[in-house]
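Visitor:
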Amino acid sequence: VGNNPWLSRNGTGGIDPADPSVLTWAAGATGLSDIVTRSLITLPAGCHQIEFIAFDRSRDFMAELYAIPGNQLGTGEYANGATANNGSVNINAADGWRLVGYKASANPLGFITAKAPGFSVVQTLPFTTTQPAGWGTTAAQTDNWLATQPLTTLVNRDSINLRDPAGGTGLFPNDYPNPNDVANVDDNFFVSRFEGTLIVTVAGTYTIGWQGDDGGYLEFLTPPQGPQPVFTRLIANAIGSATITAASNGNPNSRIELNAGGGNTRTSGEVFLEPGEYPIRAQWFEGNGGAYFEVFASPSNANSRIIRIIANGGATSATDTDGLQLVNPDLNVLNFGLDSNTFSLTFSSIPGASYRVESAESPAGPWATVEPAIVAASTSTSWSGPVTPGAQPGRRFFRVRKN
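Residue numbers -12 to 390, in this note's numbering, belong to the letters of the sequence shown in order.
(1) In this structure, does DSSP put T100 in helix, strand or coil?
(2) For D326, which three-state DSSP category applies?
(3) Thinking C-beta only, is L311 closer than 8 Å to V87?
(4) Would you report the Cα separation of Q118 and N251, rounded to the nearest angstrom?
(5) Taking the C-alpha atoms as reference points, what is the distance between Q136 and T111?
(6) I need the straight-line Cα distance from A351 to F42, nearest angstrom please.
(7) Which one or two residues does DSSP pair with Y89 in a beta bridge?
(8) Buried or exposed: which applies to A278, given that a residue is buried once 16 or more other Cβ atoms fall within 10 Å of its Cβ?
(9) Measure the C-alpha to C-alpha separation of F330 and N319 and round it to an integer number of angstroms.
(10) So, do the region 288 to 305 and the region 177 to 195 have three or more beta carbon pairs nearer to each other than 8 Å?
(11) From what residue to what residue does the beta strand (DSSP E) around Q128 run?
(12) Please determine whether the Cβ atom of A233 lies at a distance below 7 Å from any heavy atom of the ligand ATP.
(13) In or out: N246 buried (at least 16 other Cβ within 10 Å) or exposed?
(14) With DSSP as the reference, identify every bridge partner of R144, one or two as the case may be.
(15) By the 10 Å Cβ neighbour count, where 16 or more other Cβ atoms means buried, how is G213 classified, buried or exposed?
(16) Looking at the strands, I want to know which residues DSSP matches up with W197.
(17) Using the rule of at least 16 other Cβ atoms within 10 Å of the residue's Cβ for burial, across every protein chain shown, is Q36 buried or exposed?
(18) Can at least three beta-carbon pairs, one atom from the region 362 to 379 and one from the region 325 to 339, be found at a separation below 8 Å?
(19) Using 8 Å as the threshold, is the C-beta distance between S241 and F207 below it?
(20) May I have the straight-line CA-CA distance separating G276 from R150, to the nearest angstrom?
(21) Where do the ends of the beta strand (DSSP E) carrying Q270 lie?
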């Protein structure tokens, strides 16, 4: 961020000892791991140039940049927890983590809470080794498992936020241990069911879902007022096989469901809710490995990435805040390509504004100007020019800057 030095670092990566203004990190040994890096920096008031470079070696790719005021290193309130969560932010802090460039939603934000005494919980007894006969992960199979296996009933919980302490954590702190937890043992092959009532005080469109390992379903039941809510579209579909389907009482589109597991199965859907009370049921199955389940919602009419765990006794409203704002958010590379020894790119532009193209052998620079002044005639501008590979074979980097 400009030439301002990073002061300290938490998580993966490190501060470059040769240039403390550079924060670096490398992929895991296989190139498949999530990396989470947080670092402290002091910025004077004003504008600062920022460069963020991410690479992907194989499989999935995700890169997200956040900021939060103050010294937050070493706390639990950071953007990504131990598992990937598709960039969601816990808004329990009014001035919490925000994507760089994020603009606050309309205020005030209306939050969903849980009606006292919270959520009832029942859970089947776990198995710690071999998969038991009759086990399955479809909704019908997990319903049958609950109906045929011995159950433990847990006293009501303020939120749906359970985990096996030996099987990993999710995004939100203050987890409840599984009622049938076997200490220091990975509990496997069990099903949990949660039932409670949501309280909505502000009419609007909400995103509601779960983050968990493994899967399950979340459904609206018949409310005491008005029609049964329906999901209009999926927002998060981490595994790729989630669906919107009928609820247990047959009402179409009142359930989001995932019949597969494997890591974080984050699933959420969009639903419009009028003020009132809405009974819900959530069901979670755990095959093996990591084990946690958290039900959350976004505020009314807000960015679906801003979420809060649904809880009894929580605040019903809050004020959203901006993230660090970008001075030129309208400058984006729309397309680029290489034809023989000619590199071309198209970028978004402001008619009448002047831009320059720079090139370097390394993202760290030094950068040289190859086209000093391109005056944009429309909202998109194209440029092409010869390219000569740098010292690293086959590599040459380009960027566009507004004059």
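Don't be surprised by glycine CBs; every beta carbon is placed ideally from N, CA and C. Since the structure is predicted, the reported quantities are computational estimates derived from the model, not experimental observations.
Guide: The answer reads as follows:
(1) strand
(2) strand
(3) yes
(4) 20 Å
(5) 6 Å
(6) 14 Å
(7) Answer is none; Y89 lacks a bridge partner.
(8) That one is buried.
(9) 17 Å
(10) Under the Cβ criterion (8 Å, minimum of three pairs), the region 288 to 305 counts as touching the region 177 to 195.
(11) Per DSSP, Q128 belongs to no beta strand (DSSP E); it is in the alpha helix (DSSP H), A126 to T135.
(12) Of the ligands one can find in the structure shown there are none, so the ligand ATP has no counterpart to examine.
(13) buried
(14) F106
(15) Within a 10 Å sphere around the beta-carbon of G213 sit fewer than 16 other beta-carbons, which makes this residue exposed.
(16) For W197, which the question treats as bridged, DSSP gives the partners T254 and V282.
(17) exposed
(18) yes
(19) yes
(20) 11 Å
(21) Element bounds for Q270: G263 to E273.
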